[in-house]
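Engineer: Per the working numbering, residue 70 is the first one in the sequence shown, and the count goes up by one each step.
Note that the Cβ used here is the ideal one computed from N, Cα and C, for glycine as well.
Here the structure is a predicted model, which means the values were calculated and not measured.
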Amino acid sequence: MKIVQPKIRCLASPNFNSAEVCDFLSGENLTWKRTEGATSAEELVEVAGRVCYMSFGKRQSPRDNMKYIGNLIAQGHESVLEHVSWTFLASGVSRAFTHQLVRHRVGFAYSQLSQQYYDESEANIVAPMNLRGSPECAVWLDSIRQAMSAYRKMLSSVTSQLENGKEQNREVRSTARSLLPNAVEATIVFSANARALRHFLSVRGGLEGDWEMRAVSCELLKVLSKDAPALFNDFYIEEMSDGTGIVKKRSGVYL
């Protein structure tokens with residue numbers, strides 16, 4: 070039984086085709102003054118916002134990309150943030166974590182490892198941070214071992230009574246998985262747009278009592294801050310007394 074920790078991998082990030090935008094603007098006899106250093110995600114959001122009012126050429130405001138996006142967020146015009154999205158692969162996270170994660174429906178999409186089709190006999194385990202090194206850890210580990218042992222026994226017992234077949238295997242694992250603890254690793258791929266991710270960081274990143282949510286939120290913010298600093302400039306990571314991170318939100322940044 071291997072104990073693992075949350076790890077986030079970014080599989081896909083926003084890609085902006087500036088040539089197509091320039092071709093469109095040329096046909097409209099318009100120009101666009103771009104901000105040097107702006108990322109693909111930031112430029113896509115800016116163009117989407119400017120198209121709403123055709124604020125190019127003479128109608129373009131003197132604000133640079135970061136100030137332009139900041140003004141959109143300050144005014145509550147965050148629908149343009151939905152045009153940029155990321156896809157992440159989360160491993161080393163528990164089933165308990167993914168039960169919470171998938172409650173975020175708007176702007177999110179999920180593909181998760183199925184316990185109906187995948188044999189979890191050798192599953193990795195995610196240990197709560199506050200248990201590590203504590204006297205209660207031994208009790209917790211013993212409970213996990215008993216649950217995993219029961220899972221393997223039931224899987225073996227029921228399998229021996231059935232013929233092979235896709236639906237029969239599903240039935241067997243559906244029965245056995247009811248014994249699996251919430252601490253079992255649950256690998257998941259999820260995609261989300263910038264607006265949904267901002268909401269997620271706001272409501273989940275600062276939960277002091279949920280170390281796993283904080284850990285994932287911090288890893289997400291590291292990627293997002295690099296790919297689109299203008300979109301997430303009001304979020305930052307602060308170190309807690311136990312050495313773990315927590316996501317905080319600056320007030321008044323976009324005012």
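Note down, in chain order, each residue of its chain lying with its Cβ closer than 7 Å to the Cβ of ARG273, except the 5 sequence neighbours on either side.
Structural biologist: Taken in chain order, the residues that qualify are MET282 and SER286.
Engineer: From ASP303, PRO131, SER247 and GLU111, pick the residue whose C-alpha is nearest to that of LEU270; which is it?
Structural biologist: The candidate whose alpha carbon is nearest that of LEU270 is ASP303.
Engineer: Fully enclosed by the stretch 141-188, which beta strand (DSSP E) runs are 3 residues long or longer?
Structural biologist: Complete beta strand (DSSP E) runs here, min 3: 154-160 and 177-181.
Engineer: Using only the alpha-carbon positions, how far apart do HIS366 and ASN251 sit?
Structural biologist: Because the chain here runs from 70 to 324, residue 366 falls outside it and cannot be looked at.
Engineer: On a CA-only basis, which of ARG264, PRO83, ILE72 and GLU111 is nearest GLY161? Give me that one, please.
Structural biologist: Out of ARG264, PRO83, ILE72 and GLU111, ILE72 has the C-alpha closest to the C-alpha of GLY161.
Engineer: Is ALA107 buried or exposed, if buried means 16 or more other CB atoms sit within 10 Å of its CB?
Structural biologist: Buried, by the Cβ-count rule.
Engineer: Find out if the Cβ-Cβ distance for the pair LEU80, VAL258 is shorter than 8 Å.
Structural biologist: Cβ distance < 8 Å, so LEU80 and VAL258 count as in contact.
Engineer: Would you tell me roughly how many angstroms separate the C-alpha atoms of MET223 and GLU307, rounded to the nearest one?
Structural biologist: Distance between the alpha carbons of MET223 and GLU307 is about 45 Å.
Engineer: Buried or exposed: where does ALA84 fall if 16 or more other Cβ atoms within 10 Å of its Cβ makes it buried?
Structural biologist: A small correction: the amino acid at residue 84 is Asn; Ala does not occupy that position in the sequence shown. Exposed.
Engineer: By Cβ distance, which residues of its chain are closer than 6 Å to THR256, with the 5 residues on each side in sequence left out?
Structural biologist: These residues qualify, in order along the chain: SER160 and LEU182.
Engineer: Apart from the five residues just before and just after ARG128, which ones in its own chain have a Cβ nearer than 8 Å to its Cβ?
Structural biologist: So the list reads TYR122, once near-sequence residues are dropped.
Engineer: Taking DSSP as the reference, what is the three-state secondary structure of VAL322?
Structural biologist: The answer is coil: DSSP assigns VAL322 none of H, G, I, E or B.
Engineer: In angstroms with no decimal places, state the Cα-to-Cα distance between SER226 and ALA263.
Structural biologist: In a straight line, the C-alpha of SER226 is about 47 Å away from that of ALA263.
Engineer: Over what stretch of residues does the alpha helix (DSSP H) that includes SER109 continue unbroken?
Structural biologist: It spans 109-120 - the alpha helix (DSSP H) in which SER109 sits, taken as one unbroken run.
Engineer: Among ASP279, ALA297 and TYR186, which one has its Cα closest to the Cα of MET309?
Structural biologist: Checking every option, the nearest Cα to that of MET309 belongs to ASP279.
Engineer: I'd like to confirm the pairing. Which residues does DSSP put opposite SER260 in its beta bridges?
Structural biologist: The partner list for SER260 (beta bridge, DSSP) reads THR156 and ALA178.
Engineer: With a CB to CB cut of under 6 Å and the five nearest residues on each side skipped, what residues in its chain are close to VAL90?
Structural biologist: Cβ neighbours of VAL90 beyond the five flanking positions: VAL116.
Engineer: In three-state DSSP terms, what is ARG221?
Structural biologist: Here ARG221 sits in helix by DSSP.
Engineer: Within 10 angstroms of its Cβ, does GLU191 collect 16 or more other Cβ (buried), or is it exposed?
Structural biologist: Burial call: exposed.
Engineer: ILE138 and ALA299: beta carbons closer than 8 Å?
Structural biologist: In this structure, ALA299 lies closer than 8 Å to ILE138 by Cβ.
Engineer: Give me the Cβ distance between ALA178 and SER260, rounded to the nearest whole Å; I'm assuming they're in contact under 8 Å.
Structural biologist: Right, their Cβ atoms sit about 5 Å apart.
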